[in-house]
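Throughout the sequence shown, residue numbering follows the working numbering, covering 76 to 732 in sequence.
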Amino acid sequence: MTAASSPAADFALAILREFVALGVTDAVLTPGSRSQALALVLAEFDRARMLDLQVRLDERTAGFTALGVAAETRRPAIVVTTSGTAVANLLPAVLEASHSNVPMLLVTSDRPAELRGTGSNQTTWQPDIFGRFVRASFDVDAPTGAEGEAEVARDIAERSWAAAVGGGSSVTAASAPGPVHVNLQFREPLSGVVADLTALEAPTHEPTNARAVERDLVSLQLTREARTVVIAGDGAGAAAEELAHQGGWPLIAEPSSGARYGRNLVIAYRELLADPEFGGRVTRAVVFGHPSLSREVPQLLLRADVEVTVVGQRADDLAVFNPGHRVATFADEVTVAPLSPDDGVEPSLVAEAEHGPERVGELERERDRERERNRTWLRDWVLTSRAIVEAQHDDIAPPNIEAARSVDIAERRDYRVAELAALRAPVTRRMLVLAAWRVTWPHDRLIIGASRLIRDLDRSAPGKKISVHSNRGLAGIDGTIATAAGIALASQRPAASLLVAENPGGSLHSVESLTARPAGEAADAARPAGVAAGRPARAADRDLAAQTGVTRVLLGDLTLLHDVGSLLFGVGERRPRIQLIVGNDGGGTIFDTLEVAATAHRDAFDRVMMTPQNVDLAALAAAYGWAYSKAATRSELDSALTAPVTGPSILEVPLAR
């Protein structure tokens, strides 16, 4: 590569090249003058297939797009902004990433430090602007072209990468993954002619391992107590299902947990936790991830008679799940004690060696009793939950299939009438969420906004090993479309589209593909050090996602309107296969389910809580160049969800309040 033409461009090249060497594969950029050196280098890196660059007009959109990319790829994504309010607009995404343990590299451009406090244009105090919500913050003096600045850039890149992935460094304590702020001061000239980088060779040095400093692992072995439940909140991962299976315990798994599958799954957990015969008898709860969809779970964990163990988190983590600050046990990994008394050795051998043959029968009978207690505990939860879910139904019952084959003309006529009524039935929330769940396959992605719909899905959806994401760190509605776009772009990246990188903390090398993880690993993104992660993505999984995968986004109308700017894809920007399934009930009807609905004056409630809207979504879609369709009945919904998705599209589904 030929030398750049200014200190700003030289430094931008050095730090971005090091980020690529460490394993960065994605960057999201918003335009601006002060950041032009970074922008032009990124454009050339993208042209040279060293990374994948997305350009967005709005910094809030850019921040959430980078968050979505990072959640999908499980590696830090760069987001670049100019100075001033542009930086502040990243805060919503930073908060969500921080509370969700998603790694991001916030590379913000700034005026030189001597201009702070002088009233200089677009100049404020950008260092530490994100406070405690970043894992580390670096304020870098404006480069002057002095010798050694390239080494400074590489050092900052390595330290910030290490902090972002949660491994720590020589100056950064090991912690959970999350966002890191790198504030780069630049003086004029801000850039020069950036040479053709298509022939750029990958860096040949071996960068410092990003996980050179890790937290000591805390392992815990759990006894086989019968009255245990495993709770998998957002980000839990497959380890929750594995533990429930090993222990023979009921599994409570939210849709975005990455663990909502398996024979131990209990769907109607709200009803059972509120029942003294079930929830009232629980003596231990093992929690993975961040549960946030019910009141019953935190109520259980606040009980003094329930022993709570939180897995994959530390008490001092910013995003720690610790209801009432009463959790006493945190562990990085957990196992279940074996049934036999000597780490899996047959009890007959142990008993005969220690106490003689007379103890063999007694130990074997005790083991059988323990197994039966566990089976009974699990069986009662699963069967009762199944009965509750099966009792749920929509207003229109399905027609009797047997009547279609009847020799009686009247019965066949009644069947056709019932079938037609079912097809013409208006879509309900339960019908909508189950339809979206049903059409999602392992190579697809399902994103769920923070609305009533995710709770309806949690109450009804059966177990299924698919990739599901929801911004549950702070459970806000902002950035849902941008996050989904980031996930879609990363998961649908063409195989072998990049020439370099998939070895974080090691040397660069050619890769087969940098696309998505396999199904079932949706919540393993940015898992803290020491917690078992899912298997690496197989080539077939990645290729199928890239070639045919669809990202579906289940969201409410207000969630769509709050992030409407993220519908914009600039000219020449990649447009993924993404379908927004908008449950349009005319406002924030989730508040109808809260206590305030019964106490507030109706007019005041509607205006300040429900915030009704009547936006023409068809016109909105047309303005942004998205395809549009509408489904008001069951048959229309089924047709719309099974039609091919070839690009950005909006499916509007009217719902009753």
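Just so you know, even glycine gets a beta-carbon here, dropped at the ideal spot from N, CA and C. Remember, predicted model here, so these are calculated numbers, not experimental data.
In the DSSP assignment, LEU180 falls outside any alpha helix (DSSP H) and lies within the beta strand (DSSP E) extending over 179–185. Contact between ASN339 and LEU507 is absent: CB atoms are separated by about 27 Å, not below the 8 Å threshold.
Around the Cβ of ASP632, a 10 Å sphere holds 16 or more other Cβ atoms; the residue is buried. Taking a contact to require three or more Cβ pairs closer than 8 Å, the region 100–110 and the region 522–539 do not qualify as touching.
Between the region 685–698 and the region 485–504 there are fewer than three C-beta pairs closer than 8 Å, too few to call the two in contact. For HIS676, no beta strand (DSSP E) encloses it, and the DSSP letter there is neither H nor E. The DSSP assignment places complete alpha helix (DSSP H) segments of no fewer than 4 residues inside the region 195–253 at 224–240, in order along the chain.
Spatial neighbours of SER367 in its own chain (CB-CB distance under 7 Å, excluding positions within 5 residues in sequence) are listed in chain order as GLY308, ASP309, ARG547 and ALA550. Beta-bridge analysis with DSSP links LEU297 to VAL411.
ARG262 sits close to PRO187, with the two beta carbons spaced by under 8 Å. By the Cβ rule, the region 455–466 does not count as touching the region 358–378, because fewer than three pairs are nearer than 8 Å.
Pairing PHE208 with ALA557 gives a Cβ-Cβ distance that is not under 8 Å. Residue SER704 holds the alpha-carbon nearest to the alpha-carbon of LEU692 among THR686, SER704 and VAL683. Cβ atoms of VAL304 and VAL357 come within 8 Å of each other, at about 6 Å. Assigned with DSSP and collapsed to three states, LEU509 falls in helix. Taking every protein chain shown into account, the CB of HIS637 has 16 or more other CB atoms within 10 angstroms, so this residue is buried. Around the beta carbon of GLY98, 16 or more other beta carbons lie within 10 angstroms, which makes this residue buried. Residue pairing from DSSP leaves ALA334 without any beta-bridge partner. Counting the other CB atoms within 10 Å of its CB gives SER235 a total of 16 or more, which places it among the buried residues. In the assembly as shown, GLU727 is a buried residue. Its beta-carbon has 16 or more other beta-carbons within 10 Å. Here ASP660 has LEU730 and ARG732 as same chain residues with Cβ atoms under 6 Å from its own Cβ, once five neighbours each way along the sequence are excluded.
Leaving aside the five residues that flank ILE562 on each side, the residues in its chain whose CB is nearer than 8 Å to its CB run, in chain order, GLY143, VAL144, ALA146, GLU147, ARG520, ILE522, HIS544 and THR626. Secondary-structure assignment with DSSP links TYR344 through no beta bridge to anything. C-alpha of GLY538 to C-alpha of GLY242: approximately 33 Å in a straight line. Segment contact: the region 185–201 against the region 158–168, three or more CB-CB distances shorter than 8 Å; contact assigned.
DSSP assignment within the region 515–583 yields the following whole beta strand (DSSP E) runs of 3 residues or more, N-terminal first: 520–523 and 542–544. Excluding residues up to 5 positions away in sequence, GLU329, PRO330 and LEU368 lie with their Cβ nearer than 7 Å to the Cβ of ASP533 in the same chain. When the five nearest sequence neighbours on each side are left out, the beta carbons in the same chain lying within less than 6 Å of the beta carbon of PRO252 are those of ASN176, PRO178, VAL240, GLY241 and ALA601, in order along the chain.
DSSP links GLU727 through a beta bridge to VAL657 and LYS705. Here ASN258 is buried. Its C-beta has 16 or more other C-beta atoms within 10 Å. Within 10 angstroms of the beta-carbon of ALA379 lie fewer than 16 other beta-carbons, which makes it exposed. Shown here, VAL690 sits in coil according to DSSP, grouped into three states, outside any helix or strand. Membership of ALA163 in the alpha helix (DSSP H) is indicated by the continuous run 160–163. If you look at VAL116, you'll find it in the alpha helix (DSSP H) that goes 111–122. Counted as a single uninterrupted DSSP element, the beta strand (DSSP E) harbouring ARG627 occupies residues 626–631. Pairing ALA349 with ARG370, the inter-Cα distance amounts to about 10 Å.
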